[in-house]
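FYI, the numbering used here numbers position 311 of the sequence shown as 443, with every residue one higher than the one before it.
Even glycine gets a Cβ: it sits at the ideal position worked out from N, Cα and C.
As the structure is a computational prediction, the values presented were derived from the model and not from experiment.
Below: one structure, written as structure tokens.
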Amino acid sequence: GPNGDEPPNNWPSIFGGRAWTRTANPDGTPGEWYLHLFASEQPDFNWDSPVVRGEFEDILRFWFDRGVDGVRIDSAALLVKDSHLPDIIMDGSPGAGDAYADRDGVHDIYREWRRVAEEYPNRALIGEVWLPDTERFALYLRSDELHAAFNFDFLCCAWDADRLRAVVDATLAAHQPVGAPATWVLSNHDVVRHVTRYGRADTSFDMGDRRIGEASDLALGERRARAAALLTLSLPGGAYIYQGEELGLAEVEDLPDDARQDPIWRRSDHTDFGRDGCRVPLPWSGTQSPFGFSPEGATGEPWLPQPSSWADRTVQTETARPDSMLALYREALHVRRGRRELGDGPMAWLPSTPGVLAFCRGEQFACVVNLAEQPADLPLHKEILVASDPLVDGKLPRDTAVWLAMGD
Numbered sequence: 133g134p135n136g137d138e139p140p141n142n143w144p145s146i147f148g149g150r151a152w153t154r155t156a157n158p159d160g161t162p163g164e165w166y167l168h169l170f171a172s173e174q175p176d177f178n179w180d181s182p183v184v185r186g187e188f189e190d191i192l193r194f195w196f197d198r199g200v201d202g203v204r205i206d207s208a209a210l211l212v213k214d215s216h217l218p219d220i221i222m223d224g225s226p227g228a229g230d231a232y233a234d235r236d237g238v239h240d241i242y243r244e245w246r247r248v249a250e251e252y253p254n255r256a257l258i259g260e261v262w263l264p265d266t267e268r269f270a271l272y273l274r275s276d277e278l279h280a281a282f283n284f285d286f287l288c289c290a291w292d293a294d295r296l297r298a299v300v301d302a303t304l305a306a307h308q309p310v311g312a313p314a315t316w317v318l319s320n321h322d323v324v325r326h327v328t329r330y331g332r333a334d335t336s337f338d339m340g341d342r343r344i345g346e347a348s349d350l351a352l353g354e355r356r357a358r359a360a361a362l363l364t365l366s367l368p369g370g371a372y373i374y375q376g377e378e379l380g381l382a383e384v385e386d387l388p389d390d391a392r393q394d395p396i397w398r399r400s401d402h403t404d405f406g407r408d409g410c411r412v413p414l415p416w417s418g419t420q421s422p423f424g425f426s427p428e429g430a431t432g433e434p435w436l437p438q439p440s441s442w443a444d445r446t447v448q449t450e451t452a453r454p455d456s457m458l459a460l461y462r463e464a465l466h467v468r469r470g471r472r473e474l475g476d477g478p479m480a481w482l483p484s485t486p487g488v489l490a491f492c493r494g495e496q497f498a499c500v501v502n503l504a505e506q507p508a509d510l511p512l513h514k515e516i517l518v519a520s521d522p523l524v525d526g527k528l529p530r531d532t533a534v535w536l537a538m539g540d
């Protein structure tokens, strides 16, 4: 950016503060301003430059040559900016970020990347695309652009049967015109873990307010998370599992302030706790920190402190418990791999009572999720393949899901 006492425009950083930092010249005098929509350590590239575009194509080939199966593209809608660098209206209104978010030119970049990916067999480009407009979202998934993108509408949805069904229908409808597979995700590195979210009075999620410290019934949240796992893994398309959700980890909300690492915490003047609570290193084994995360004999603690209660959440502990969250995920993934109708393909809703989601994948498989207060009857079936929790008197309890083998 140009020299001057003021930054080129009023754009804010998504991590807090302004999106411009001024460099210093070798003699110590102020230099040029540079743009960073996130942390100041992450300067934005000038995607109008053919040198930048060429370098990124070289980077893709570097990793594809080494056998990497695919690339996840962070903040995939924020690459291209309005070259005039206009000020934006700072009232949070829709379209306020149009000068740097979801601009049409970004699609030319992903067409170039797709051509690189097509030079190799079975490579995938996965986009992190946060957009409120499902039609604009779907443009990233055209046959010559990205292969898939994360479904954040599903992640943010409340634990409510009608809302979840509406999100599923809208997702499939948005993906159908571009012929791309839908995706389903419950948590990631930016959001409060869904065991905690599902235990709150308000089970939805909004990136603008993580509501850290809000009361949560973690036992209820885990029960719902178990059911959500079976729902997610049986919907049409791909499923993404965030590290730790297979262990049933909750958000770590009591981190000491001096341990927090997220630049959001620093750039918000310590008013936004940020995302560290879902990034605490995983517990693998043992009864105390670092729970096998660090190599045996290594000294020092992980960069974020692990709760002592995680002694019951290690991979080692959960592997030994047939009723653990890890055991459920392993069982469900084993069944999913063995059934041809799961993964991408058609689905159809089945008749159900209010508060119950029921759908079939072909004629031989059905998933039923009970979000109602009362136990639910199951359709006629041959076999229970997987249940998130035990049935009671042949009925599906509240906040429970089941996979059924159907047919005569």
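query	result
Outcome for residue 285 when other beta-carbon atoms lying within 10 angstroms are tallied against a minimum of 16	buried
Of the residues 236, 314, 519, 255, the one placed nearest residue 456, counting alpha carbons only	519
Stretch-stretch touch, CB-based, cutoff 8 angstroms, three pairs: the region 298 to 310 with the region 458 to 477	no
Counted within 10 angstroms of its Cβ, other Cβ atoms place residue 364 as buried (16 or more) or exposed	buried
Backbone CA spacing between residue 240 and residue 387 [nearest angstrom]	42 angstroms
Alpha-carbon to alpha-carbon, residue 486 and residue 552	Any answer about residue 552 is impossible in this case: the structure gives the chain only from 133 up to 540.
Residue 196 - DSSP class collapsed to helix/strand/coil	helix
For residue 326 and residue 357, the rounded distance between their alpha carbons	7 angstroms
Coarse secondary structure for residue 481, derived from DSSP in three states	strand
Residue 383 versus residue 351: straight-line alpha-carbon distance, rounded	13 angstroms
Residues near residue 422 by beta carbon distance below 6 angstroms, same chain, minus five either side	434
Identity of the residues DSSP links to residue 533 by a beta bridge	501
Own chain, CB closer than 7 angstroms to residue 480, minus 5 neighbours either side, in chain order	491, 492
Cβ contact check for the region 201 to 208 and the region 216 to 225: 3 or more pairs under 8 angstroms	no
Closest by C-alpha distance to residue 516, when choosing among 335, 336, 464	464
Check whether residue 310 and residue 274 have beta carbons under 9 angstroms apart	yes
Proximity of residue 236 and residue 261 at Cβ, strictly below 9 angstroms	no
Pairwise C-alpha distance: residue 137 and residue 152	12 angstroms
Backbone CA spacing between residue 160 and residue 154 [nearest angstrom]	12 angstroms
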